[in-house]
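Engineer:
Protein chains: 2
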Amino acid sequence: MVIGGDAAGGSAASQAKKRRSDLDVVMFERGRATSYSACGIPYWIGGAVASEQALVARTPDQHRAAGIDVRMHTEVVGIDLDRRTVRWRELDGGREGDEPFDDLVYATGSVPMRPPVPGIDAAGVYGVQVLDDGVALRAELDSGRVQRVVVVGGGYIGLELAEACRTRGFDVTVVDLSATPVGTFDPDIGEFIADAVRGEGIHLVLSDGVAAVEVGADGRACAVVTASGRELPADLVVLGLGVRPDVRLATEAGIPLGTSGGVAVDTRQRTQVDGVWAAGDCVESLHRLSGQRMVVALGTHANKQGRVAGINIGGGYATFPGVIGTAITKICDTEAARTGLSSREAERAGYSFVTAVVDSTTRAGYFPGSRPIRVKMIAERRSGRLLGAQIVGKQASAKRIDALAICIWNEMSVDEILSLDLSYAPPFSPVWDPVLIAARKAFDAVEADVR
Amino acid sequence: MVIGGDAAGGSAASQAKKRRSDLDVVMFERGRATSYSACGIPYWIGGAVASEQALVARTPDQHRAAGIDVRMHTEVVGIDLDRRTVRWRELDGGREGDEPFDDLVYATGSVPMRPPVPGIDAAGVYGVQVLDDGVALRAELDSGRVQRVVVVGGGYIGLELAEACRTRGFDVTVVDLSATPVGTFDPDIGEFIADAVRGEGIHLVLSDGVAAVEVGADGRACAVVTASGRELPADLVVLGLGVRPDVRLATEAGIPLGTSGGVAVDTRQRTQVDGVWAAGDCVESLHRLSGQRMVVALGTHANKQGRVAGINIGGGYATFPGVIGTAITKICDTEAARTGLSSREAERAGYSFVTAVVDSTTRAGYFPGSRPIRVKMIAERRSGRLLGAQIVGKQASAKRIDALAICIWNEMSVDEILSLDLSYAPPFSPVWDPVLIAARKAFDAVEADVR
Numbered sequence: 001m002v003i004g005g006d007a008a009g010g011s012a013a014s015q016a017k018k019r020r021s022d023l024d025v026v027m028f029e030r031g032r033a034t035s036y037s038a039c040g041i042p043y044w045i046g047g048a049v050a051s052e053q054a055l056v057a058r059t060p061d062q063h064r065a066a067g068i069d070v071r072m073h074t075e076v077v078g079i080d081l082d083r084r085t086v087r088w089r090e091l092d093g094g095r096e097g098d099e100p101f102d103d104l105v106y107a108t109g110s111v112p113m114r115p116p117v118p119g120i121d122a123a124g125v126y127g128v129q130v131l132d133d134g135v136a137l138r139a140e141l142d143s144g145r146v147q148r149v150v151v152v153g154g155g156y157i158g159l160e161l162a163e164a165c166r167t168r169g170f171d172v173t174v175v176d177l178s179a180t181p182v183g184t185f186d187p188d189i190g191e192f193i194a195d196a197v198r199g200e201g202i203h204l205v206l207s208d209g210v211a212a213v214e215v216g217a218d219g220r221a222c223a224v225v226t227a228s229g230r231e232l233p234a235d236l237v238v239l240g241l242g243v244r245p246d247v248r249l250a251t252e253a254g255i256p257l258g259t260s261g262g263v264a265v266d267t268r269q270r271t272q273v274d275g276v277w278a279a280g281d282c283v284e285s286l287h288r289l290s291g292q293r294m295v296v297a298l299g300t301h302a303n304k305q306g307r308v309a310g311i312n313i314g315g316g317y318a319t320f321p322g323v324i325g326t327a328i329t330k331i332c333d334t335e336a337a338r339t340g341l342s343s344r345e346a347e348r349a350g351y352s353f354v355t356a357v358v359d360s361t362t363r364a365g366y367f368p369g370s371r372p373i374r375v376k377m378i379a380e381r382r383s384g385r386l387l388g389a390q391i392v393g394k395q396a397s398a399k400r401i402d403a404l405a406i407c408i409w410n411e412m413s414v415d416e417i418l419s420l421d422l423s424y425a426p427p428f429s430p431v432w433d434p435v436l437i438a439a440r441k442a443f444d445a446v447e448a449d450v451r
Numbered sequence: 001m002v003i004g005g006d007a008a009g010g011s012a013a014s015q016a017k018k019r020r021s022d023l024d025v026v027m028f029e030r031g032r033a034t035s036y037s038a039c040g041i042p043y044w045i046g047g048a049v050a051s052e053q054a055l056v057a058r059t060p061d062q063h064r065a066a067g068i069d070v071r072m073h074t075e076v077v078g079i080d081l082d083r084r085t086v087r088w089r090e091l092d093g094g095r096e097g098d099e100p101f102d103d104l105v106y107a108t109g110s111v112p113m114r115p116p117v118p119g120i121d122a123a124g125v126y127g128v129q130v131l132d133d134g135v136a137l138r139a140e141l142d143s144g145r146v147q148r149v150v151v152v153g154g155g156y157i158g159l160e161l162a163e164a165c166r167t168r169g170f171d172v173t174v175v176d177l178s179a180t181p182v183g184t185f186d187p188d189i190g191e192f193i194a195d196a197v198r199g200e201g202i203h204l205v206l207s208d209g210v211a212a213v214e215v216g217a218d219g220r221a222c223a224v225v226t227a228s229g230r231e232l233p234a235d236l237v238v239l240g241l242g243v244r245p246d247v248r249l250a251t252e253a254g255i256p257l258g259t260s261g262g263v264a265v266d267t268r269q270r271t272q273v274d275g276v277w278a279a280g281d282c283v284e285s286l287h288r289l290s291g292q293r294m295v296v297a298l299g300t301h302a303n304k305q306g307r308v309a310g311i312n313i314g315g316g317y318a319t320f321p322g323v324i325g326t327a328i329t330k331i332c333d334t335e336a337a338r339t340g341l342s343s344r345e346a347e348r349a350g351y352s353f354v355t356a357v358v359d360s361t362t363r364a365g366y367f368p369g370s371r372p373i374r375v376k377m378i379a380e381r382r383s384g385r386l387l388g389a390q391i392v393g394k395q396a397s398a399k400r401i402d403a404l405a406i407c408i409w410n411e412m413s414v415d416e417i418l419s420l421d422l423s424y425a426p427p428f429s430p431v432w433d434p435v436l437i438a439a440r441k442a443f444d445a446v447e448a449d450v451r
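As they're listed, the protein sequences go chains A and B.
Sequential numbering of the first sequence, starting at 1, is according to the UniProt record's numbering.
Sequential numbering of the second sequence, starting at 1, is according to the UniProt record's numbering.
1. Compare the C-beta of residue 323(A) with all C-beta atoms of chain B and state if any pair is closer than 7 Å.
2. Residue 12(A) and residue 279(A) - do their beta-carbons sit closer together than 7 Å?
3. Is residue 402(B) close to chain A, meaning its C-beta is less than 7 Å from at least one C-beta of that chain?
4. Using a Cβ-Cβ distance cut-off of 7 Å, determine whether residue 106(A) contacts chain B.
5. Using a Cβ cut-off of 8 Å, which residues of the region 381 to 411 of chain A contact any Cβ in chain B, in chain order?
6. In terms of alpha-carbon separation, which member of 171(A), 377(A) and 365(A) lies closest to residue 56(B)?
7. So, with DSSP's three-state summary, where would you put residue 387(B)?
8. Quick check on residue 39(A) - is its C-beta less than 7 Å from some C-beta in chain B?
9. Where residue 378(A) and residue 443(A) are concerned, what is the direct C-alpha to C-alpha distance, given to the nearest angstrom?
10. Return the chain-ordered list of same chain residues with a C-beta closer than 6 Å to the C-beta of residue 433(B), the five sequence neighbours on each side being excluded.
11. Give me the residue from 262(A), 275(A) and 308(A) with the minimum Cα distance to residue 318(A).
12. Between the region 207 to 215 of chain A and the region 181 to 192 of chain A, are three or more C-beta pairs nearer than 8 Å?
13. By the DSSP assignment, the alpha helix (DSSP H) with residue 409(A) in it spans what residues?
14. Enumerate, from N- to C-terminal direction, the unbroken beta strand (DSSP E) stretches of 3 or more residues contained entirely within the region 177 to 218 of chain B.
15. Just to confirm, are residue 70(A) and residue 79(A) a CB contact at a threshold of 7 Å?
16. Whole angstroms are fine: how far does the CA of residue 265(A) sit from the CA of residue 270(B)?
17. Identify the contact partners of residue 425(B) in chain A, using a Cβ-Cβ distance below 7 Å as the criterion.
18. Taking Cβ positions only, does residue 434(B) come closer than 7 Å to chain D?
19. According to DSSP, is residue 454(B) helix, strand or coil?
20. Grab me the residues of residue 454(A)'s own chain with a C-beta within less than 7 Å of its C-beta, minus the 5 sequence neighbours each way, in chain order.
21. Thinking just about the alpha-carbon of each residue, which of 161(B), 446(B) and 220(B) is nearest to the one in residue 356(B)?
22. For the alpha helix (DSSP H) holding residue 369(A), just list the boundary residues, first then last.
23. What first and last residue would you give for the beta strand (DSSP E) that runs through residue 360(B)?
24. On the DSSP bridge assignment, give the partners of residue 287(B) in chain order.
25. Please say whether residue 180(A) and residue 471(A) have beta carbons closer to each other than 7 Å?
26. Would you mind telling me which residues of chain B sit closer than 9 Å to residue 43(A), beta carbon to beta carbon, in chain order?
27. How would you label residue 21(A), buried or exposed, when you count the other beta carbons within 10 angstroms and need 16 or more for buried?
28. Since I believe residue 76(A) is in contact with residue 3(A) (beta carbons under 8 Å), could you give me their beta-carbon distance rounded to a whole number of angstroms?
29. Out of 52(A), 72(A) and 293(A), state which residue places its alpha-carbon closest to the alpha-carbon of residue 61(A).
30. When you check each C-beta in the region 267 to 299 of chain A against every C-beta of chain B, which residues fall closer than 7 Å?
31. Once the 5 residues before and after residue 240(A) are set aside, which same chain residues still bring their CB inside 6 Å of it?
32. What whole-angstrom Cβ distance do residue 456(A) and residue 438(A) have, given they're in contact under 8 Å?
33. With DSSP run on the structure shown, which of helix, strand or coil describes residue 34(B)?
34. Beta-carbon separation of residue 303(A) and residue 268(A) under 7 Å?
35. So with Cβ pairs under 7 Å, would you call residue 421(B) a contact of chain A?
36. Residue 405(B) and residue 339(B): beta carbons closer than 7 Å?
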């Protein structure tokens, strides 16, 4: 039995059934779609993706063709661990029932964070987490009554939604507590992002929080008031503060959470309750550098964790070895990516480190289409071990982060990195790839620190 | 004393002088430029790069400003290891002299391979290795008497030169011994490249060698005759067969070569002669997977090896840990890259392996600008260790090879690879990056083989 039919739940169901065709696999999904790309919603809202159907990787009927009993528009409202049943309710009509399980996969995903301020629950305030949210927000934007949009939160989702609204011609303001957008980047990288965002005509209100949402006579949000007292008129307020794990059912049923607030699982995606598995945005993962457990809501982890749970349920053996904080985003023609620990995270984790920042080009400087790229590295003092990296730049910059993620995964030092046999030809990089130049500079910093 | 002022020699001279400013550093260069990008020559010939000056990373005057005594247009014609001197000759005027050294860096580069067939030395047959060659070839193409170009060799350089000539409107035919172009790729990847090349209107004559160059009454090459007897009319013949290390001076002086024919060096770039170093296209490197020594002529290795030699000469400690065969190229809008061993190389090296090929997209399938990408993996039987990878596709495909190069460098298995925390967002990859999908499929192949 699988609760939640998106990335994690869908993968778990598919893998388990594929491995053991004799299993009866039931999957409950309360929304309008299965196995869709939540990460693609901003691009559908902005018009880059033509239809919501395009976001769906596997429809309910495709799951059914693979032998999975999919129950759409059906919410699980309770889990009884003693009787080994779940209580379900059909959203259309309200019919209810119990369904027994041997193994349970908890894949409920996440819910958007809502700051606890006056007016936050008013009409015209939208979180965008599931496809139904996206449909509702798009309808608002299409209604003709919206001109000014305020996005609360300047992280990945906030900026992607801001770009989507801006692309469609709205007047957009982003409010964020950090001094630079996407606060998980160091400020010298965040500045580059801020310039790109402003270059698109998006207003940034930084180092400022949301104190209240003002509600008009019609009961709809009409402005956002910031902590510093600024009033930002808004026909629509979009919440882009990120998400928190949806653990309500787990908590009620007694499935233990971890210290981070997500469902606690081991590397095989087993919860602490026998025969109960969990995967996706609702669980916590091990961060391999900080040693801490944390919740990372990303489709790529959800797919992997769901696959691991499904293989294990199907009698195989698979593990999810944790995360290192890799993330990537695109704001119009600017790309940004990070992996490992940021300076602040490295400090919190107790590391002592040096940093290096280099500005280079994506191709050989003389080659047409060569664009700027900035690479930052954070390396442990003495050992020179790479702890974190951040990249920002124009086209063909950010995907280079994968190379550095693998360096971190393998605990390589910046000295080792600068000898790597990376690809070189003038259309793809300078003869010293920007990541190698950064490694050289970081190595110099490590040596200077030792001296 | 440094013989050769391009990538390796220039880097060695710069690093040594930077580390120990009291050193007298003399650098001999017989050509027209120092520290230029030989890899950029095809793009200058094709017109993508505007001027030959753009290819120069550091001019003789810039080297001089850093305190290096640069002797341009001056060829070293002999090395006397007993007297610790080199014999030089100025190419303009022919003045000769001896210069003593304490340490010597041998960085003579390479010479284009010429098949030993009749007519190969006729006028109108061009190898393109140094900037002077490029200048001569460009002058021919600009002369107005060329319509038909035959490129001998369909490897990286051959195809880059073919594209350059095609871009300028010439009728271009490439002749190659392999069944698919760039024979260092497996045939299923090479086919993709062949289609791209033909799509640009370049004729491919494959599985056929060059038997002779026909020479006209004017003493110029007028056709290439293939081993199978085909006659390919040509106003110009371009050699794109690759290069061999320029070891003439080393051999004459008694600096030992390795089994591969390049100058033998250790990881600090020391030859077997005390105080004599070597770096760049003229040396052999350790291939970390096959365990064999081989000559790899690539600017990126030359720069790194030169840096290592220079640091060591300057009293520091640095090593060059070898290569794993990473290479990348672009043929019009098709990109291709490889790392590690190809199937044939893995066989020769004695590995037993399985392979997997996947076709995917560069971005989420629904995202605008998503383009095809094919990834092939070669994994050792049982252990699943990644031995090699090849990527071919359209824009934003090939640079992904760096991630896999680092996996190979760290001896990761395909099972470990598929758990990696790689970056994901719809503008950059599907939720399972193509390289992860390939790792999954390769892992399935390893498991199926075990069963």
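Virtual Cβ for every residue (Gly too), placed ideally from N, Cα, C.
Structural biologist: Judging by the given coordinates:
1. Interface with chain B (7 Å Cβ-Cβ cutoff): residue 323(A) is included.
2. A contact, by the Cβ cut-off of 7 Å.
3. By this cut-off, residue 402(B) is an interface position.
4. Cβ-Cβ to chain B under 7 Å: no for residue 106(A).
5. Of all residues in the region 381 to 411 of chain A, 396, 398, 399, 400, 401, 402, 403, 405, 406, 407, 409 and 410 have a Cβ within less than 8 Å of some Cβ in chain B.
6. Looking at 171(A), 377(A) and 365(A), the one whose alpha-carbon comes closest to that of residue 56(B) is 365(A).
7. In the structure shown, residue 387(B) falls within a strand segment according to DSSP collapsed to helix, strand and coil.
8. For residue 39(A), the answer is yes, since a Cβ of chain B falls inside 7 Å of its Cβ.
9. When rounded, the distance between both Cα atoms is 10 Å.
10. Hits under 6 Å: 422.
11. Each of 262(A), 275(A) and 308(A) was checked against the Cα of residue 318(A), and the nearest Cα belongs to 308(A).
12. As far as the Cβ criterion goes, the region 207 to 215 of chain A does not touch the region 181 to 192 of chain A, which means the pair count is below three.
13. First-last of the alpha helix (DSSP H) with residue 409(A): 401 to 409.
14. Secondary structure remark: continuous beta strand (DSSP E) runs of at least 3 residues inside the region 177 to 218 of chain B, in chain order: 203 to 205 and 210 to 215.
15. Going by C-beta atoms, residue 70(A) is not nearer than 7 Å to residue 79(A).
16. Approximately 53 Å between the Cα atoms of the pair.
17. Under the 7 Å cutoff, chain A gives 39, 328, 329 and 330.
18. The structure shown contains no chain D; the protein chains it does contain are A and B.
19. Nothing about residue 454(B) can be read from this structure; chain B reaches only from 1 to 451.
20. As shown, chain A starts at 1 and ends at 451. That puts residue 454(A) outside it, with no answer to give.
21. It is 446(B) whose Cα lies nearest to the Cα of residue 356(B).
22. Boundaries cannot be given for residue 369(A), as no alpha helix (DSSP H) includes it and DSSP labels it neither H nor E.
23. For residue 360(B), the uninterrupted beta strand (DSSP E) segment begins and ends at 353 to 361.
24. DSSP, once it has assigned bridges, lists 323(B) as partnering residue 287(B).
25. The displayed coordinates of chain A run from 1 to 451. Any statement about residue 471(A) would go beyond what the structure contains.
26. The answer, in chain order, is 364, 366, 367, 368, 426 and 427.
27. With fewer than 16 Cβ atoms within 10 Å of its Cβ, residue 21(A) is classed as exposed.
28. The Cβ separation is near 5 Å, so the contact holds.
29. The alpha carbon of residue 61(A) has as its nearest neighbour, out of 52(A), 72(A) and 293(A), the alpha carbon of 72(A).
30. Considering only beta carbons, the part of the region 267 to 299 of chain A lying closer than 7 Å to chain B consists of 298 and 299, in chain order.
31. The answer, listed in chain order, is 151, 153, 157, 158 and 161.
32. Limits of chain A in this structure are 1 at one end and 451 at the other, which puts residue 456(A) out of reach.
33. Under the three-state reduction of DSSP, residue 34(B) is assigned to coil, being neither helix nor strand.
34. The Cβ atoms of residue 303(A) and residue 268(A) lie no closer than 7 Å to each other.
35. Cβ-Cβ to chain A under 7 Å: yes for residue 421(B).
36. A contact, by the Cβ cut-off of 7 Å.
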